[in-house]
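The structure appears below as structure tokens.
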Amino acid sequence: MSATMQAEVDPIVHYWLGRAAAEYHSAARAMWVGHQLVLIGAQPALVRRALRVASDELTHAQLALTVARAAGFDGELELDRTVLTSAVPVATNSVENVLIPHVIAHFCIAETVAARLFAAAIGPNQQPSVAQALRKFVADEVRHRDFGWLCLAWLKQTGALAPLADHRVAVVVWWPCLSSQNVVTSTGAKLAGFAARMLGGSRTGSAASLIVVATDACGGSQAPSAARIGSLAADELGHWLGLYHSDGTHGLPDPARGADLMHSQHAISGDVDASFSVAQRAFLRSHPDLVFP
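Sequence positions in the sequence shown follow our numbering and run 21 to 313.
Put into structure tokens, the structure is as follows:
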């Protein structure tokens, strides 16, 4: 059996090869950030932190490949050059305008979430290679998160964040258990997520800015799986910006129900690779609160 066929039929091998590729992509992002920091005159210590992150991510990729081989994989990691080049943005007239959202999304936010998810994945009776990889991931992701915030702090000191000061920021909070209580009927329900701003589509003034995502079911059935947490946050962000559920009265339906990110049941049974529909994307791109470098 070829290495490609083996990866397709063995779910364990498939997951860890995907993990290895994702870590390699993260290395590409960190290398890109380091290069941009050099171009805008960042202090050497900050540039070295970026290069350290890139080195860590390459180590993660190798560890993930080691786990795949321990599960029986006997090939080499195959990387798609097109995917790699799309992992980093193309700087235009302003390096900072491209660098800032990249640092926020992939380091300040993504690495913060990754540290929690990998920590939750560590359990008893794991294969030594799996436990070693997860412990390394957790230890490093915390440092990568810190790099993101240090980088953002430095960019703020330089005044690079000033052009974004007029745009509101949606704060995303990860919380173990969410529940709602009806004060009239005294009935309660578990929630998978909550957006504090609804409707947001036509608002131009100040508004509450909070998105909360549940990471545990609190004994109920509404909490998302680890694979859905990211897309659930995107679903709540859609609500925060003014989108209704696509299967609701005022929603923008997606004909491909299985890939409908804004469907009311997405957090429970939807496709983990769901995305916004064409109509939903058009709505979001026209929103005054979104900044596209």
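Beta carbons: idealized from backbone N, C-alpha and C, even for Gly.
Nearest-angstrom Cα separation, counted from residue j out to residue i
| i | j | result |
| --- | --- | --- |
| Arg-72 | Leu-97 | 22 Å |
| Glu-43 | His-122 | 16 Å |
| Gly-92 | Gly-268 | 47 Å |
| Asp-166 | Phe-157 | 14 Å |
| Ile-231 | Trp-260 | 8 Å |
| His-265 | Gly-61 | 45 Å |
| Trp-36 | Ala-88 | 5 Å |
| Pro-31 | Gly-258 | 32 Å |
| Phe-270 | Gln-56 | The displayed chain sequence assigns His, not Phe, to residue 270. Taking the straight line from one Cα to the other gives about 43 Å. |
| Leu-198 | Ile-249 | 14 Å |
| Gln-177 | Ala-50 | 21 Å |
| Gln-300 | His-307 | 11 Å |
| Thr-132 | Ala-294 | 22 Å |
| Gln-146 | Arg-136 | 18 Å |
| Phe-303 | Arg-163 | 37 Å |
| Val-118 | Ser-284 | 33 Å |
| Ala-65 | Ala-140 | 32 Å |
| Leu-272 | Ala-130 | 28 Å |
Burial state of residue i, where buried means 16 or more other Cβ atoms lie within 10 Å
| i | result |
| --- | --- |
| Val-103 | exposed |
| Asp-100 | exposed |
| Ala-234 | buried |
| Ser-345 | Examination of residue 345 is not possible in this model, given that the chain is present from 21 through 313 alone. |
| Trp-52 | buried |
| Val-33 | buried |
| Val-298 | exposed |
| Val-193 | exposed |
| His-126 | buried |
| Ser-200 | exposed |
| Asp-94 | exposed |
| Gln-63 | exposed |
| Gly-143 | exposed |
| Ala-209 | exposed |
| Gly-38 | exposed |
| Leu-3 | This structure cannot settle anything about residue 3, because the visible part of the chain is limited to 21 through 313. |
| Ala-74 | buried |
Beta-carbon separation (whole angstroms), residue i vs residue j, contact threshold 8 Å
| i | j | result |
| --- | --- | --- |
| Ala-151 | Leu-83 | 11 Å between Cβ atoms; not a contact. |
| Leu-172 | Glu-116 | Not a contact, Cβ separation roughly 11 Å. |
| Asp-255 | Gly-213 | 7 Å |
| Gly-168 | Cys-128 | 4 Å |
| Ser-46 | Ala-90 | That belief does not hold up - the Cβ atoms of Ser-46 and Ala-90 are roughly 22 Å apart, past 8 Å. |
| Leu-181 | Ile-120 | 7 Å |
Contacts around residue i, its chain only, beta-carbon distance under 6 Å, and the 5 residues preceding and following it disregarded
| i | result |
| --- | --- |
| Val-58 | Val-67 |
| Leu-85 | Ala-40 and Leu-97 |
| Thr-79 | none |
| Phe-296 | Leu-281 |
| Ala-81 | Ala-40, Glu-43 and Tyr-44 |
| Asp-76 | Asp-160 |
Check: residue i C-beta below 7 Å from any heavy atom of the ligand MG
| i | result |
| --- | --- |
| Leu-181 | With respect to small molecules bound, the structure shown includes none, and the ligand MG cannot be examined in it. |
Other residues of its chain near residue i: CB distance less than 8 Å, five sequence neighbours each side excluded
| i | result |
| --- | --- |
| Phe-138 | Leu-154, Phe-157, Val-158 and Glu-161 |
| Ala-70 | Ala-50, Met-51, Val-53, Gly-54, Leu-57, Phe-167 and Cys-171 |
| Trp-195 | Val-232, Val-233, Ala-234 and Thr-235 |
Close beta carbons around residue i, own chain, < 7 Å, minus the five adjacent residues each side
| i | result |
| --- | --- |
| Ala-134 | Glu-161 |
| Ser-226 | Reliability of the predicted coordinates at Ser-226 is poor, the pLDDT of 41 falling under 50, and no value is obtained from them. |
4 or more residues per run - each alpha helix (DSSP H) lying fully within the segment 29 to 59: 31 to 59
message: I'd like the ranges of any beta strand (DSSP E) spanning at least 3 consecutive residues and lying wholly in the segment 100 to 186.
response: none
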